[in-house]
Amino acid sequence: MYLSAEVMPKVVHLICCHDEGPHDKWQLVLEAGAGCRYGCMRALVEAGVEVNVRNYEGETPLYLAAEKGHVDCMVLLLEAGADLEIPNNEEATPLLKAVEVGSREVVQLLLDRDVNVNSKFCNGWAPLHEAASQGQADIVQLLVDHGAQLDIRDEYGRTAVFVAAQYGKLECLRKLLDESGDDLVNTRTEDGASPLYLAAQEDHLDCVQLLLQRGGDANMPTDAAALPIHIAAEKGNYSVLEHLIPVTTQEALDRCGMSPIHSAVEGDQPECLQLLINHGFDVNCQLSWTYSKSFEDRRQTPVYFAVDNNSEECVRILLEAGANPNLDEINCLLMALRHKNFNITKMLIEHGADCNSNFVINTGLFPSTIAFAYEDERLLKLVLDGGAQADTCFLCSIGNGRHPVKWMTATINDTQFCEYASLHSNRQRAGTMVRLLLDYVGNVQLCSVLKDCVQDKPEWADIQKISGNPRPLVHLCRLAIRHTLAQGGHLSEVLKLPLPQVMTRFLLHKDTAYRL
Numbered sequence: 001m002y003l004s005a006e007v008m009p010k011v012v013h014l015i016c017c018h019d020e021g022p023h024d025k026w027q028l029v030l031e032a033g034a035g036c037r038y039g040c041m042r043a044l045v046e047a048g049v050e051v052n053v054r055n056y057e058g059e060t061p062l063y064l065a066a067e068k069g070h071v072d073c074m075v076l077l078l079e080a081g082a083d084l085e086i087p088n089n090e091e092a093t094p095l096l097k098a099v100e101v102g103s104r105e106v107v108q109l110l111l112d113r114d115v116n117v118n119s120k121f122c123n124g125w126a127p128l129h130e131a132a133s134q135g136q137a138d139i140v141q142l143l144v145d146h147g148a149q150l151d152i153r154d155e156y157g158r159t160a161v162f163v164a165a166q167y168g169k170l171e172c173l174r175k176l177l178d179e180s181g182d183d184l185v186n187t188r189t190e191d192g193a194s195p196l197y198l199a200a201q202e203d204h205l206d207c208v209q210l211l212l213q214r215g216g217d218a219n220m221p222t223d224a225a226a227l228p229i230h231i232a233a234e235k236g237n238y239s240v241l242e243h244l245i246p247v248t249t250q251e252a253l254d255r256c257g258m259s260p261i262h263s264a265v266e267g268d269q270p271e272c273l274q275l276l277i278n279h280g281f282d283v284n285c286q287l288s289w290t291y292s293k294s295f296e297d298r299r300q301t302p303v304y305f306a307v308d309n310n311s312e313e314c315v316r317i318l319l320e321a322g323a324n325p326n327l328d329e330i331n332c333l334l335m336a337l338r339h340k341n342f343n344i345t346k347m348l349i350e351h352g353a354d355c356n357s358n359f360v361i362n363t364g365l366f367p368s369t370i371a372f373a374y375e376d377e378r379l380l381k382l383v384l385d386g387g388a389q390a391d392t393c394f395l396c397s398i399g400n401g402r403h404p405v406k407w408m409t410a411t412i413n414d415t416q417f418c419e420y421a422s423l424h425s426n427r428q429r430a431g432t433m434v435r436l437l438l439d440y441v442g443n444v445q446l447c448s449v450l451k452d453c454v455q456d457k458p459e460w461a462d463i464q465k466i467s468g469n470p471r472p473l474v475h476l477c478r479l480a481i482r483h484t485l486a487q488g489g490h491l492s493e494v495l496k497l498p499l500p501q502v503m504t505r506f507l508l509h510k511d512t513a514y515r516l
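First residue of the sequence shown: 1, per full-length UniProt numbering; consecutive thereafter.
Right under this line is the structure:
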């Protein structure tokens, strides 16, 4: 049943006059505070109910009235002895709640009653932090005028200046810097982050500009040795990055041990990557040993990061800018093959990636590129076209003799190709792969194990015919030319030779009509 505003206080008065239990009266005063019913609240106060009662969340009537912005109810409660410092179960006071909801009038009322302006929430968050995070510049000024500590920190070490920068509240940031005389512009959190670092991370360009104008240090690293330029590049914050490039020194970058080129690639941000390259950043920069050893594969170069991320655009930009794909301990071509990324594999080979590179942990007696490409005929053809030494796949120390049984593991240490192809997981593709390999070798013989792997495959008749007869002279000439070019690292430049197109295609194994 609905009762009018005139009738409700009378009902409350009647209830209070009867011998009701204290719980009932407490419930009434809480509901009156939550509903901001002034008449009801007045009747309850006049009846002498406890005004500092708390609900299950620890909230008092004053707290609930502050949340609703009901000044009249708050004045009534305060005059009746309400404690303005009682927090809820999370240590949030009425002042913090008033700031959160943006009620300047309530904040003013509490401050005029000498409330503790620096009271803290359970995480150390003070009213000034809350006002800064909400962008309430007028309340920030009000709190400061009543003694709010500008350098007060939460449990993470954040000041209100930091919070304003983090949330992009420009006017709050300006007021706080004005009040502090820029003394707090380079304060750091528990993890070493500065206001400038967080503004750069969150792409608040106007805050970045203001912080730089007020003395924000772009060369101050976090505890993880990252600068604002690193996080801006990683997040793809292009305009912020433009402003940080001129104010970041090479000395600071050297101390960090990582280039923003790495950061842009790690975040898959091709536009920021191109911007950095345009400003002269080295595409062949390498991680410091401290950084590199934190990765299991000991990666060092940006192109390795790009390949591992399967970022074709970043790989293309880096290679076209002169990135060397052969600088990492583990060649990035192996990573591209592992990911079965045809386009990246092709780009790397076209830009000189070593098709005979070996995996430094597990080394076989044939190129690791062939092992990594074994499951995909297109990838295997790419590495063979790029100069992988296919003849090593037919070198067997035992030949037609009986091969000893070996306990094979997931590694390929000192393993011959015949042993690798005979693994249960590889036998099914042995016929296809051996047939393809024969296009890139001269006169070879299949050992007993390799024969056993392919004799039951559809390609066996073709394989037997090729391996059992001398190879044509034209094919041997092709191999000799390719070998000579590969020795000088010029195999990829066949297209530049003044040759008829049919000859060029033949040398590059592009014309199936000449498959011999």
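Ideal Cβ placement from N, Cα and C applies to all residues, glycine included.
As the structure is a computational prediction, the values presented were derived from the model and not from experiment.
Per-residue DSSP class, three states only, for Lys-120 = coil
Given Val-474 as reference, the closest of Gly-431, Lys-457, Gly-442 and Asp-456 once Cα atoms are compared = Gly-442
Quick one: what's got a C-beta closer than 7 angstroms to Ala-513's C-beta in the same chain, skipping five residues either side?
-> With a pLDDT of only 47 at Ala-513, under the threshold of 50, the placement of this residue in the model should not be trusted; the figure read from the coordinates follows. Counting only Cβ-Cβ distances below 7 angstroms, and skipping sequence neighbours, we find nothing.
Same chain, Cβ closer than 7 angstroms to Ile-481, five either side skipped, listed in chain order | Leu-507
Note down the Cα distance separating Leu-62 from Ala-199, rounded to an integer number of angstroms.
-> 36 angstroms
Coil, strand or helix - Val-444 by DSSP | coil
Classify His-490 as buried or exposed, calling it buried when 16 or more other Cβ atoms lie within 10 Å of its own Cβ.
-> exposed
Does DSSP put Thr-369 in a helix, a strand or coil?
-> helix
Note down the Cα distance separating Val-53 from Ala-148, rounded to an integer number of angstroms.
-> 28 angstroms
CA-CA distance, Leu-241 and Lys-175?
-> 25 angstroms
What whole-angstrom Cβ distance do Leu-438 and Ile-463 have, given they're in contact under 8 angstroms?
-> 7 angstroms
Please report how far the alpha carbon of Leu-444 lies from the alpha carbon of Val-265, in whole angstroms.
-> The sequence as given places Val at residue 444; Leu does not occur at that position. C-alpha separation (whole angstroms): 44 angstroms.
What did DSSP end up calling Arg-471 once you bin it into helix, strand or coil?
-> coil
Exposed or buried, Arg-378, counting other C-beta atoms within 10 Å across all chains shown (16 or more means buried)?
-> exposed
Following the continuous alpha helix (DSSP H) through Tyr-420, name the residue where it begins and the one where it ends.
-> 417-421
Taking the CB atoms as reference points, tell me whether Tyr-238 and Glu-271 lie closer together than 7 angstroms.
-> yes
Rounded straight-line distance, which links the Cα of Trp-125 to that of Gln-166 | 14 angstroms
Can you tell me the Cα-Cα spacing of His-424 and Ala-336, whole angstroms?
-> 24 angstroms
Looking only at C-alpha atoms, which of Glu-85, Ala-164, Leu-143 and Asp-145 sits nearest to Gly-135?
-> Ala-164
Does DSSP classify Cys-207 as helix, strand or coil?
-> helix
Kindly give me the distance between the Cβ atoms of Cys-73 and Ala-80, rounded to whole angstroms, as I take these residues to be in contact under 8 angstroms.
-> Going by Cβ atoms, the distance from Cys-73 to Ala-80 rounds to 11 angstroms, so no, they are not a contact pair.
Give me the Cβ distance between His-146 and Val-185, rounded to the nearest whole Å; I'm assuming they're in contact under 8 angstroms.
-> In fact, because the Cβ distance is near 23 angstroms, the residues do not count as touching under 8 angstroms.
The region 243-252 in contact with the region 295-313 per 3-pair CB rule at 8 angstroms = no
Can you give me the start and stop residues for the alpha helix (DSSP H) that Asn-309 sits inside?
-> Looking at the DSSP string, Asn-309 is not in any alpha helix (DSSP H), and its letter there is neither H nor E.
Under three-state DSSP, which class holds Lys-235?
-> helix
Could you tell me the distance, in whole angstroms, from the CA atom of Arg-338 to the CA atom of Asp-182?
-> 52 angstroms
Where Glu-90 and Lys-120 are concerned, what is the direct C-alpha to C-alpha distance, given to the nearest angstrom?
-> 10 angstroms
Enclosing alpha helix (DSSP H) for Glu-50 [first to last residue] = It is not in any alpha helix (DSSP H) - Glu-50 carries neither H nor E in the DSSP assignment.
Among Gly-69, Gln-428 and Ser-397, which has the Cα closest to the Cα of Asp-414?
-> Ser-397
Residues near Asp-206 by beta carbon distance below 7 angstroms, same chain, minus five either side | Leu-170
Cα-Cα separation, Leu-196 to Thr-290 | 25 angstroms
Return helix, strand or coil for Met-41, following the three-state DSSP convention.
-> helix
Applying the criterion that 16 or more other CB atoms from any shown protein chain within 10 Å of the CB defines a buried residue, is Leu-499 buried or exposed?
-> exposed
Residues near Val-51 in its chain [Cβ-Cβ closer than 7 angstroms; skip 5 each side] | Val-29, Val-45, Pro-61, Leu-77, Ala-80, Gly-81 and Ala-82
Where Tyr-167 sits in the DSSP three-state scheme | helix
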